[in-house]
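In the working numbering, the protein residues as written are 1058 to 1337.
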């Protein structure tokens, strides 16, 4: 009797295990394919993952340190820029890629039974891997200015994991909703641009309070990406602005945002995925 039960259990668990292995295989192949497609026929190839944040940093540093002349004396403004820019890019690239991930995968979804969450997950994973290359650009900029990273940098992987969870939650949400409401695709491109400018990437957060914009100063505090960016800067440089919260507090806020976004995204995605086949 016990032997028969174990055989039945083995038969029941085998499909689930095989499905998980297939999903993992598909996920790794999709990430690899994403890199090949992005840098196909490019002379520099994956080096663009390094050059892109450097070039953007140079342009933005020239504009905002010379034209708008923000006052920032804590450490080189270029370091402030590239830290915020590269971290926000994980969220921006991951969610932008995820918006159409289900729709673009329609031919495969219609032919093969596959875990649909793989497609937005792959976009976020690709953004995280790309962030790894961007860390080289950050290291080069800090080396150029003679800055030594803080020992707190050992906690950066934890922060990136929280950011990945937060990005996944939003990615699941927008990818699922786009299947039913195609306007989400266009709306998200506008929203993510507003979100970028609403996050202290190229302007010092304290500048708001110093210029009589304290109401915006207060409003920005509810922006989750502000806390991710502020925490990342503190971990890497060891410096904090007068308005910055303690690193432990920032970690707590980031963790709450990550868990909340991931739960909401998963719930919405799981509730809607059975109807995807009718709309893609």
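Built from N, CA and C at the ideal position, the CB exists for glycine as well.
Computed from a predicted structure; not experimentally measured.
According to the neighbour-count rule (16 or more other Cβ atoms, all chains shown, within 10 Å of its Cβ), is residue 1180 buried or exposed? With a 10 Å radius around the Cβ and a threshold of 16 neighbouring Cβ atoms, residue 1180 comes out buried.
Taking the alpha-carbon of residue 1259 as reference, which of 1295, 1176, 1290 has the nearest alpha-carbon? Relative to the Cα of residue 1259, the nearest Cα in the group 1295, 1176, 1290 belongs to 1290.
Which residue from 1230, 1320, 1310 puts its Cα closest to that of residue 1153? With distances taken between Cα atoms, residue 1153 lies closest to 1230.
Note the first and the last residue of the continuous alpha helix (DSSP H) segment covering residue 1186. DSSP places residue 1186 in the uninterrupted alpha helix (DSSP H) bounded by 1175 to 1201.
Please confirm if the region 1278 to 1289 is in contact with the region 1301 to 1320, defined as three or more CB-CB distances below 8 Å between the two stretches. Yes, the region 1278 to 1289 touches the region 1301 to 1320.
Specify the secondary structure class of residue 1338 as computed by DSSP and reduced to three states. Because the chain in this structure spans residues 1058 to 1337, residue 1338 falls outside the shown range and cannot be described.
If we ignore side chains and look at the alpha-carbon of each, how far apart do residue 1141 and residue 1232 end up? Distance from the CA of residue 1141 to the CA of residue 1232, rounded to the nearest whole angstrom, comes to 25 Å.
Quick check on residue 1240: buried or exposed, where buried means 16 or more other Cβ atoms within 10 Å of its Cβ? Using a 10 angstroms sphere on the CB of residue 1240, the tally of other CB atoms stays under 16, which defines it as exposed.
Which two residues bound the contiguous alpha helix (DSSP H) that contains residue 1252? For residue 1252, the uninterrupted alpha helix (DSSP H) run begins and ends at 1240 to 1255, by DSSP.
Nearest to residue 1186 by CA position, among 1323, 1161, 1147, 1253, is which residue? Nearest C-alpha to residue 1186: 1147.
Taking all protein chains shown into account, do 16 or more other C-beta atoms lie within 10 angstroms of the C-beta of residue 1214, making it buried, or fewer, making it exposed? So residue 1214 counts as exposed.
Straight-line gap, residue 1138 to residue 1328 (C-alpha atoms, nearest Å): Their backbone Cα atoms lie some 39 Å apart in a straight line.
Taking the alpha-carbon positions, what's the residue 1300 to residue 1132 distance? Counting only the Cα atoms, residue 1132 lies some 16 Å from residue 1300.
Does DSSP put residue 1258 in a helix, in a strand, or in coil? Three-state result, residue 1258: coil.
What whole-angstrom Cβ distance do residue 1228 and residue 1177 have, given they're in contact under 8 Å? The beta-carbon distance between residue 1228 and residue 1177, rounded to whole angstroms, is 4 Å. This is short enough to meet the 8 Å contact definition.
Using CA atoms only, rank isn't needed, just tell me which of 1149, 1085, 1323 is closest to residue 1253. If you compare the alpha carbons of 1149, 1085, 1323 with that of residue 1253, the shortest gap goes to 1149.
Compare the Cα-Cα distances from residue 1236 to each of 1155, 1201, 1296 and report the closest residue. Nearest C-alpha to residue 1236: 1155.
So, helix, strand or coil for residue 1157, using DSSP? It is coil, neither helix nor strand.
Exposed or buried, what is residue 1191 when buried is set at 16 or more other beta-carbons lying within 10 Å of its beta-carbon? The residue in question, residue 1191, is buried, as its Cβ has 16 or more Cβ neighbours within 10 Å.
Rounded separation between residue 1070 and residue 1273 - CA only: Residue placement at residue 1070 cannot be trusted, given a pLDDT of 46 that sits under 50; what the coordinates show is reported in the next sentence. Here the alpha carbon of residue 1070 sits roughly 53 Å from the alpha carbon of residue 1273.
CA-CA distance, residue 1244 and residue 1203? Roughly 42 Å between the two C-alpha positions.
Straight-line gap, residue 1255 to residue 1277 (C-alpha atoms, nearest Å): Computed Cα separation, rounded: 7 Å.
Could you compute how far the alpha carbon of residue 1297 sits from the alpha carbon of residue 1309? Roughly 17 Å between the two C-alpha positions.
With 16 other Cβ atoms within 10 Å as the buried cut-off, status of residue 1224: Residue 1224 comes out buried.
Can you tell me which of the three DSSP states residue 1337 falls into? Coil, per DSSP.
I need the DSSP call for residue 1287, collapsed to helix, strand or coil. In the three-state scheme derived from DSSP, where H, G and I count as helix and E and B as strand, residue 1287 is classed as helix.
Pick from 1206, 1294, 1234 that is closest to residue 1323, judged by C-alpha positions: When only C-alpha atoms are compared, the closest one is 1234.
Considering only their Cβ atoms, is the gap separating residue 1210 from residue 1292 smaller than 8 Å? Closer than 8 Å, so yes.
Can you give me the start and stop residues for the alpha helix (DSSP H) that residue 1213 sits inside? For residue 1213, the enclosing alpha helix (DSSP H) stretches over residues 1213 to 1237.
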